[in-house]
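Student: Take 4 as the starting number for the sequence shown in this note's numbering and just add one per residue. One structure, as structure tokens, below. Some questions next.
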Amino acid sequence: MTPRPIATAPHEDDQPLLLYCPHQGGWHTGVWFRGKWLAYLDTSVVLEPSHWLPVPPDPPDVE
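Set out below in structure tokens:
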């Protein structure tokens, strides 16, 4: 799967995505909320992504 430009990312509140933030250490899980990208685990962190990918599904047989 190839990373997509951030301009093409869905802007649905609370839908986690994998976000590539080159100036913030690389890949982060984030969400779009109130007009900005926030880190999924710490919504006080505003992310500045350049690209995104959908979060992959869980592996089969994971409980």
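Here a beta-carbon is modelled for each residue, glycine too, at the ideal position from N, C-alpha and C.
Mind checking Pro-52: buried by the 16 CB within 10 Å criterion, or exposed?
Tutor: Working through the sequence shown from its first residue, we reach residue 52 at position 49. Classification of Pro-52: buried, given that the 10 Å Cβ count is 16 or more.
Student: Measuring straight from C-alpha to C-alpha, what distance separates Thr-11 and Asp-61?
Tutor: Sequence index remark: in the sequence shown, residue 11 carries index 8 (1-based). Sequence index remark: in the sequence shown, residue 61 carries index 58 (1-based). In a straight line, the C-alpha of Thr-11 is about 24 Å away from that of Asp-61.
Student: Helix, strand or coil: which one does DSSP assign to Thr-5?
Tutor: For this step, residue 5 is matched to residue 2 along the sequence shown. If DSSP states are grouped into helix, strand and coil, Thr-5 belongs with coil.
Student: Using beta-carbon positions only, say whether Leu-22 and Val-58 come within less than 8 Å of one another.
Tutor: As a first step, residue 22 must be located in the sequence shown, where it is residue number 19. As a first step, residue 58 must be located in the sequence shown, where it is residue number 55. It is not a contact, given that the beta carbons lie outside the stated cut-off.
Student: Under a three-way DSSP split, which group does Pro-11 fall into?
Tutor: Taking the sequence shown and counting its residues from 1, the one referred to as residue 11 is at position 8. The sequence shown places Thr at residue 11, rather than the Pro named in the question. Helix.
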